[in-house]
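Asker: The opening position of the sequence shown corresponds to residue 2 in my numbering, with each subsequent residue numbered one higher.
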Amino acid sequence: MPKTREIFGAGHTDLEQLHGLRWQWLEQAVGPAVVLPTEYPDGYHVPHHHHSRSQLLHALVGVVLVTTRHGRWMVPPDHAMWIPAGIEHSVEMLGDVSMRSVYVMPKAIPGLPEGMRVVGVTDLMHSLIVESEKLPQGGELEGRGGLIMNLLLHEIPQLPERPLGLPFPSDPKLAALCRRFVAAPSPHATIDEWADTVGMSRRSFTRAFQRQTGLSLSTWRQQACLFAALPRLADGEPITRVALDLGYDSVPAFITMFKRMLGSSPRGYMRGARDAGEGMRRGPARLEAPTPSAVPRD
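1. Opposite Ile-84 in the DSSP bridges: which residues?
2. Does DSSP put Ala-230 in a helix, in a strand, or in coil?
3. What residue from Thr-69, Ser-265 and Gly-96 has the CA that sits closest to Trp-83's CA?
4. Roughly how many angstroms separate the alpha carbons of His-51 and Met-94, rounded to a whole number?
5. State the CB to CB distance for the pair Val-120 and Leu-61, rounded to an integer number of angstroms; the pair is presumed to be in contact (CB under 8 Å).
6. Taking one C-beta from the region 153-168 and one from the region 108-120 each time, how about it: are there three or more such pairs within less than 8 Å?
7. Buried or exposed for His-59, going by 16 or more other Cβ atoms inside 10 Å?
8. Indicate whether Pro-33 and Leu-154 have their beta-carbon atoms separated by less than 8 Å.
9. Can you tell me the Cα-Cα spacing of Gly-278 and Arg-204, whole angstroms?
10. Go through its chain and collect everything with a Cβ distance to Pro-173's Cβ below 6 Å, but skip five positions before and after it.
11. Of the choices Leu-245, Ile-192 and Pro-188, whose alpha-carbon is the least far from that of Gln-224?
12. Assuming Arg-261 contacts Ile-240 (C-beta within less than 8 Å), just tell me the rounded distance between them.
13. Please classify Pro-107 as buried or exposed, where buried requires at least 16 neighbouring CB atoms within 10 angstroms.
14. Can you give me the C-alpha to C-alpha distance between Met-75 and Ile-256, rounded to a whole angstrom?
15. Using the DSSP secondary-structure output, state which residues sit across from Gly-166 in a beta bridge.
16. Would Gly-146 and Ser-99 qualify as a contact pair, given that the criterion is a beta-carbon distance under 8 Å?
17. Tell me the DSSP secondary structure of Asp-246 in three-state form.
18. With burial defined as no fewer than 16 other Cβ atoms inside 10 Å of the residue's Cβ, what is the status of Thr-191: buried or exposed?
19. So, helix, strand or coil for Ala-290, using DSSP?
20. Any heavy atom of the ligand MN inside 7 Å of the beta-carbon of Glu-28?
21. Let me know the secondary structure DSSP gives Gly-215 once reduced to three states.
22. With burial defined as no fewer than 16 other Cβ atoms inside 10 Å of the residue's Cβ, what is the status of Asp-79: buried or exposed?
23. Could you tell me how far apart the beta carbons of Arg-118 and Glu-89 are, in whole angstroms, since I believe they sit closer than 8 Å?
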């Protein structure tokens, strides 16, 4: 019987060692997809790394920040982050996090996303991840297991994309403006002010910003405000306080922006996320030291 330890009592060194063992195992695993659970304590940071499989990172409980050289993406409960194979990324935990990751071989099926994106997890995908986690991992599956894994793969391209990415421009001056905005977001920042700050005309600025981020400044700014608001709302802060701290003149104005971006009011959105997380929360999670024939589960 492998020695076990309570996950939230384990030190960071234990987690780092098990990460290394897991990544080595993943590189040798066969089959189009592997589903593995991970439990993290608040504040844990997974340093930059990459793997040969793409990853669908699904946060059941807690909020996750994924960072690459191209920007930052937030993954709240009931969402997932698609990370293509080979992309260097780090992961930061905001609160205790219960995570399920689907590691997918490149070109396992046609139509898999080519770029980073945050997606909503449908009820069907949620159930498929729960069921597939129980299956033997690291080999070819047949019968019911093969059908579940095949359907899971085919559902990935169907997941609805959510505007929770925050890509940064490649230009250092524009990126510096974005970093300052993320540190102190406000809905009142204007294109003219940003263009003047970097010594560009309005037209040149808007073209450069759109080309380097794929977003208009207005959309980027709204996503940055969501980026700042969601962790606070997830912690139970009042909507009024969050809205006013972000510089909105009224709570209705903040709620209107939130509904336009995410399709639900802040209260309804967070209630749905909490319900999904509580429905999946398990008993005390444990770390198992892997054996040669076992999956490194962390």
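Just so it is clear, CB atoms sit at the ideal spot from N, CA and C, and this is done for glycine as well. In this text, all values refer to a predicted model and were calculated from it rather than measured experimentally.
Answerer: Here's the rundown:
1. Taking the sequence shown and counting its residues from 1, one reaches residue 84 at position 83. Assignment of beta-bridge partners to Ile-84 by DSSP yields Gln-56.
2. Residue mapping note: residue 230 aligns to position 229 of the sequence shown, counting from 1. Note: Ala-230 maps to helix in three-state DSSP.
3. What you label residue 83 is simply residue 82 of the sequence shown in a count that begins at 1. The residue with the shortest Cα to Cα distance from Trp-83 is Thr-69.
4. Along the sequence shown, one-based indexing puts residue 51 at 50. Along the sequence shown, one-based indexing puts residue 94 at 93. Their backbone Cα atoms lie some 18 Å apart in a straight line.
5. Residue mapping note: residue 120 aligns to position 119 of the sequence shown, counting from 1. Residue mapping note: residue 61 aligns to position 60 of the sequence shown, counting from 1. Contact check for Val-120 and Leu-61: beta-carbon distance about 15 Å, past the 8 Å limit, so the pair fails to qualify.
6. Yes: the two stretches touch, three or more of their Cβ pairs being nearer than 8 Å.
7. Translated into the one-based positions of the sequence shown, residue 59 becomes position 58. Looking at its Cβ environment, which holds 16 or more other Cβ atoms inside 10 Å, His-59 is buried.
8. By one-based count along the sequence shown, residue 33 stands at place 32. By one-based count along the sequence shown, residue 154 stands at place 153. With contacts defined by Cβ atoms closer than 8 Å, Pro-33 and Leu-154 form a contacting pair.
9. Within the sequence shown, residue 278 is the residue found at index 277, counting from 1. Within the sequence shown, residue 204 is the residue found at index 203, counting from 1. With a pLDDT of 48 at Gly-278, under the threshold of 50, the predicted position of this residue should be treated as unreliable, and no value is reported.
10. Stepping through the sequence shown from its first residue, residue 173 is reached at position 172. Here Pro-173 has no same chain residue with a Cβ atom under 6 Å from its own Cβ, once five neighbours each way along the sequence are excluded.
11. To locate residue 224, count along the sequence shown from 1; it is residue 223. Residue Pro-188 is the option with its Cα nearest to Gln-224.
12. Residue mapping note: residue 261 aligns to position 260 of the sequence shown, counting from 1. Residue mapping note: residue 240 aligns to position 239 of the sequence shown, counting from 1. Wrong, their Cβ atoms sit about 16 Å apart, outside the cutoff.
13. For this step, residue 107 is matched to residue 106 along the sequence shown. Note on Pro-107: under 16 other CB atoms within 10 angstroms of its CB, so exposed under the neighbour-count rule.
14. As a position in the sequence shown, residue 75 is number 74, starting the count at 1. As a position in the sequence shown, residue 256 is number 255, starting the count at 1. The alpha-carbon atoms of Met-75 and Ile-256 are separated by roughly 19 Å.
15. As a first step, residue 166 must be located in the sequence shown, where it is residue number 165. Its beta-bridge partners are Trp-74.
16. Within the sequence shown, the letter at position 145 stands for residue 146. Within the sequence shown, the letter at position 98 stands for residue 99. Contact flag unset, no.
17. One-based indexing of the sequence shown puts residue 246 at position 245. Helix.
18. Here residue 191 corresponds to residue number 190 of the sequence shown, with the count starting at 1. Thr-191 is exposed by the Cβ-count criterion.
19. Here the question's residue 290 lines up with position 289 in the sequence shown. Legend: pLDDT at Ala-290 = 28, less than 50; position of this residue unreliable, value from coordinates given subsequently. When DSSP states are grouped into helix, strand and coil, Ala-290 belongs to the coil group.
20. Of ligands this structure carries none, so the ligand MN is not represented either.
21. Reading the sequence shown from its first residue, position 214 is the one you call residue 215. It is coil, neither helix nor strand.
22. Taking the sequence shown and counting its residues from 1, one reaches residue 79 at position 78. Taking all protein chains shown into account, Asp-79 has 16 or more neighbouring C-beta atoms within 10 Å of its C-beta and is therefore buried.
23. As a working note, residue 118 is residue 117 in the sequence shown. As a working note, residue 89 is residue 88 in the sequence shown. Wrong, their Cβ atoms sit about 17 Å apart, outside the cutoff.
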